[in-house]
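Q: Following this message is one structure expressed as structure tokens.
Protein chains: 2
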Amino acid sequence: MLPSFDLNLYDDLDPAPRLLMGPGPIDADPRVLRAMSVPLLGQFDPQFRRFMAETQTLLRRVFQTENEATLLIDGTARSAIEAAMVSLIEPGDVVLVASFGRFGQLKAEIAARVGADVRVVECPWGSVFDTATIEAALIEHRPSLLAVCHGDTSTTMAQPLAEIARLARDHNALLLVDATATLGGMDLAVDALGIDVCTAGLQKCLAGPPGIAPITLSPVAVERIRARRHVEAGIRTASDLPANGKRITSNYFDLAMILDYWSDRALNHHTEATSMLYAARECARILVKDGLGAAIARHALAGHAMASGLAAMGLALYGDQANKMPNVTGVHIPAGIDGDGVRQAMLDHYGIEIGTSFGPLHGKIWRLGTMGYNARRGAVMTTLAALEACLVAAGAKVPQGAGTSAALGVFQRAGSGR
Amino acid sequence: MLPSFDLNLYDDLDPAPRLLMGPGPIDADPRVLRAMSVPLLGQFDPQFRRFMAETQTLLRRVFQTENEATLLIDGTARSAIEAAMVSLIEPGDVVLVASFGRFGQLKAEIAARVGADVRVVECPWGSVFDTATIEAALIEHRPSLLAVCHGDTSTTMAQPLAEIARLARDHNALLLVDATATLGGMDLAVDALGIDVCTAGLQKCLAGPPGIAPITLSPVAVERIRARRHVEAGIRTASDLPANGKRITSNYFDLAMILDYWSDRALNHHTEATSMLYAARECARILVKDGLGAAIARHALAGHAMASGLAAMGLALYGDQANKMPNVTGVHIPAGIDGDGVRQAMLDHYGIEIGTSFGPLHGKIWRLGTMGYNARRGAVMTTLAALEACLVAAGAKVPQGAGTSAALGVFQRAGSGR
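Sequences listed follow chains A and B, in order.
Letter by letter, the first sequence follows residues 1 to 418 of my numbering.
Letter by letter, the second sequence follows residues 1 to 418 of my numbering.
Spelled out as structure tokens, the structure:
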């Protein structure tokens, strides 16, 4: 049971304003929020099928792919990872997870649940893998699938992928990249790199709400999934002979059926989450309209300004700075300062949310996001000013105005107008 | 690949208006659409946790239950069925599905995917089960779980549940009721009946968008699920010892972890689908504010008016009228009339969507929904007027004005103001 609140069952939804500067969700772009108030359509209405097709086309540009199989899973970001894994992995298949944080652990967990023989290679939190470690693990384990985060928000690290993708190809492993926290905020060229499965969520750099998950699948991945196609009773016709491969052990996440639903046969599966599809289309539309390159540059600038501001305040940045995600910055909580108390003060007095982290980093670092709608000057500056005030109130010594001044300098030198 | 559309990638979402009078989704209540444009909150923000608690409390009233375990699954309606099944059923468990339409088949499909030894008892489409048939099947198969639809939109039939619930108890089977299409539109007293698992969706009688699924679980069901609790790596602490039961073979649908997420420990699992939770809260708030009894009466009246109007037009109603769902009406397509042509004319010329059905009923019947926001006089009257015009245009002989006159009489005799 949730703790007892003073419930106001009939009240309007009228939360106090927040500025969400944690590792996500972040504030959705107001245009995305408005898109969700568009009236519903029937799922087979030609107008709705056109919106689905437009969403696919826009998402292909976001993923930098020509993959026909580019679509949405109706669930949060981890649902797309599970859909890919349960559809690709047969019980006993060896899956190698290269884990450099909590979301690597999550992929190992999901793979184990769906029956994989999971092997995990780890590197210390706060760093990323070198090529030799991955190569050795591929040689040792000979996996059919290699799964890795692009950016793991738990450690704020971003794994360079080019060499890993090459190694996966050389060792005949499909490559699954979890880009939940980086798509739209870092360069991620799915086709150029040769990624087989790439998954995401809306609530990070795409500036939308959590609840629907973009995914793209290479032709090789699709072929492997189609080999397990078993159309459900009540939908299949005489022409839908079961494929030879083992039936996928989930109905909801059966990508063979979901691909049929998104195909011109429009075979009934789930009822597409209409309003969330509108949100996904709007997220992708804004990103493509503004230009993917511009969005990536905006994230780089805002992240650099945030990190510069935090460093100028005398805080120690967390982790290998050469491989830091631009859109999430980790910073050590100063000795003697109650990290959760400062977070609470930020929320209560300024309406600003920042994050802590998981496991070994819980209470050791704060994580500050600068992504999506909040990868912008005003959000960074406000957060730094409030953090200085909260640190001072908590008894820390912080050079007055140094953080905001450093960040503003970064924005001004870049000529950023926003 | 979806068929090629004339894509307008940068266009606003500006669909031509529709009146959705099929078996769902139907038009969302405008208040629900507006609720989704409320700014996002962090998932552990006290304000958001309060909205979660309020949503639970409101949903308990909608389900007529005291079940503490009343919450949302972040997916479409079938996701809640799969979550319940994968969390309750261990491979090899005998599951009995009482199937009287396509959504009975779906439950058998989901149960089989998650590894159940599935037994199916069927009755002819257009009818419902008598008690003796269910009792005989329970005796023959001795299932640990009995799954049944409350209302199956594919046939428009509603299964009386009191005797089935009693039998399930007597034979030590948990009872799972799929109330996707009836919750909020028909009386369904989860506790009074003794239902162990009840699942729904928003896009039918609850007047919301598809994409999030209410579920309630009895203490007995919760106990069985908790016996399989294995908190994922990266989240579990030393106190989270794995339970003795078999680990659930899905991470996303692991109800033991989802219950922890909704508990006062707030253990991290998925990131709650913020905007869809807002929608669910608003759907339930409107229903509870207006009164569940009033909503059920409104559905009964609108369905009666629709059926009376169709009959007065000379159309033959489909199925056992004593057990028809109030909120969906099936009607035989008249001989010599192109059913899909009439549906297309309804959509193209009037902006009104009605449905056909699945499998043996495809092209044989139309299905007309009167539910949620569209269980109201204007929607019923407009649909009947347009259908008469489309039938006449297609060459059918229809008594002029008889349908609308009969339906209006029903509304007026009931003194319905809306």
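Where a beta carbon is used, it is the ideal one built from N, C-alpha and C, also for glycine.
1) Anything in the segment 373 to 406 of chain A with a Cβ closer than 8 Å to a Cβ of chain B? List those residues in chain order, please.
2) Below 9 Å on C-beta distance, what does residue 247/A contact in chain B?
3) Which of the three DSSP states, helix, strand or coil, is assigned to residue 390/B?
4) Going by Cα to Cα distance, which pick from 204/B, 256/B, 234/B is closest to residue 217/B?
5) Can you list, in chain order, the residues of its chain with a C-beta nearer than 6 Å to that of residue 337/B? Leave out the 5 residues immediately preceding and following it.
6) Could you please give the first and the last residue of the uninterrupted beta strand (DSSP E) stretch that includes residue 117/B?
7) The alpha helix (DSSP H) that contains residue 30/A, what's its start and end?
8) So what does residue 367/B bridge to, in DSSP terms?
9) With a threshold of 8 Å, are at least 3 pairs of Cβ atoms found where one atom belongs to the segment 372 to 379 of chain A and the other to the segment 22 to 38 of chain A?
10) Between residue 191/B and residue 65/B, how many whole angstroms is the CB-CB distance? I'm expecting something under 8 Å.
11) Within 8 Å (strictly less), CB to CB, does residue 38/B reach chain A?
12) DSSP beta-bridge partners for residue 149/A?
13) How is the beta strand (DSSP E) around residue 96/B delimited, first residue to last?
14) Can you pull out the residues from the segment 250 to 276 of chain A whose beta carbon lies closer than 9 Å to at least one beta carbon of chain B?
15) Excluding five sequence neighbours on each side, which residues of the same chain lie with their C-beta closer than 7 Å to the C-beta of residue 161/B?
16) Starting from residue 69/B, trace the alpha helix (DSSP H) both ways and give me its first and last residue.
17) Please classify residue 420/B: does DSSP put it in a helix, a strand, or coil?
18) When we look at the beta-carbon of residue 265/A and count the other beta-carbons within 10 Å, is it buried (16 or more) or exposed?
19) For the ligand HEM, I want to know if residue 328/A counts as a neighbour, meaning its beta carbon is within less than 7 Å of at least one of the ligand's heavy atoms.
20) Starting from the N-terminal side, write out each stretch of the alpha helix (DSSP H) that is 4 residues or longer and does not extend beyond the segment 36 to 91 of chain B.
21) Report the residue from 94/A, 115/A, 92/A, 119/A whose alpha carbon sits nearest the alpha carbon of residue 105/A.
22) Is there a C-beta anywhere in chain B that falls below 8 Å from the one on residue 475/A?
23) Answer with buried or exposed for residue 60/B, where buried requires no fewer than 16 other C-beta atoms within 10 angstroms of its C-beta.
24) Does residue 145/A get closer than 8 Å to chain B when you measure Cβ to Cβ?
25) If you pair each beta-carbon of the segment 85 to 102 of chain A with each one of the segment 133 to 144 of chain A, do three or more pairs fall below 8 Å?
26) Within the continuous alpha helix (DSSP H) that includes residue 213/B, where are the two ends?
27) Would you give the residue range spanned by the alpha helix (DSSP H) that residue 190/A belongs to?
28) Spatial neighbours of residue 404/B within its chain, please: CB distance less than 8 Å, with the 5 preceding and 5 following residues excluded, ordered by chain position.
29) Taking 8 Å as the limit between beta carbons, can you name the residues of its chain near residue 51/A, skipping five residues before and five after?
30) Does the beta carbon of residue 33/A come closer than 8 Å to any beta carbon on chain B?
31) With 8 Å as the threshold, decide whether the Cβ of residue 10/B is near any Cβ in chain A.
32) At 4 residues or longer, what runs of the alpha helix (DSSP H) sit wholly inside the segment 241 to 295 of chain A?
33) Residue 218/B versus chain A: which residues are under 8 Å apart at the beta carbon?
34) Hey, does residue 412/B have any beta-carbon neighbour from chain A nearer than 8 Å?
35) Looking only at its own chain, which residues have a Cβ that is under 7 Å from the Cβ of residue 54/A, when we skip the five neighbours before and after it?
36) So is residue 321/A buried or exposed if we call it buried at 16+ other beta carbons inside 10 Å?
A: By the coordinates alone:
1) none
2) 112, 113
3) helix
4) 256/B
5) 394, 396
6) 117 to 122
7) 30 to 35
8) 330/B, 355/B
9) yes
10) 5 Å
11) yes
12) 178/A
13) 94 to 99
14) 250, 251, 252, 253, 254, 262, 263, 264, 266, 268, 269, 270, 271, 272, 273, 274, 275, 276
15) 150, 177, 193
16) From DSSP, residue 69/B is part of no alpha helix (DSSP H) but of the beta strand (DSSP E) over 69 to 73.
17) What is shown of chain B runs 1 to 418, which leaves residue 420/B out entirely.
18) exposed
19) The ligand HEM is absent from the structure shown, which contains no ligand whatsoever.
20) 46 to 63, 77 to 88
21) 119/A
22) The displayed coordinates of chain A run from 1 to 418. Any statement about residue 475/A would go beyond what the structure contains.
23) buried
24) no
25) yes
26) First-last for residue 213/B: 213 to 217, but that is the beta strand (DSSP E), not the alpha helix (DSSP H).
27) 190 to 193
28) 309, 381, 384, 385, 388
29) 41, 277, 278, 281
30) yes
31) yes
32) 255 to 261, 274 to 290
33) Under the 8 Å cutoff, chain A gives no residues; its nearest Cβ is about 15 Å from residue 218/B.
34) no
35) 281
36) exposed
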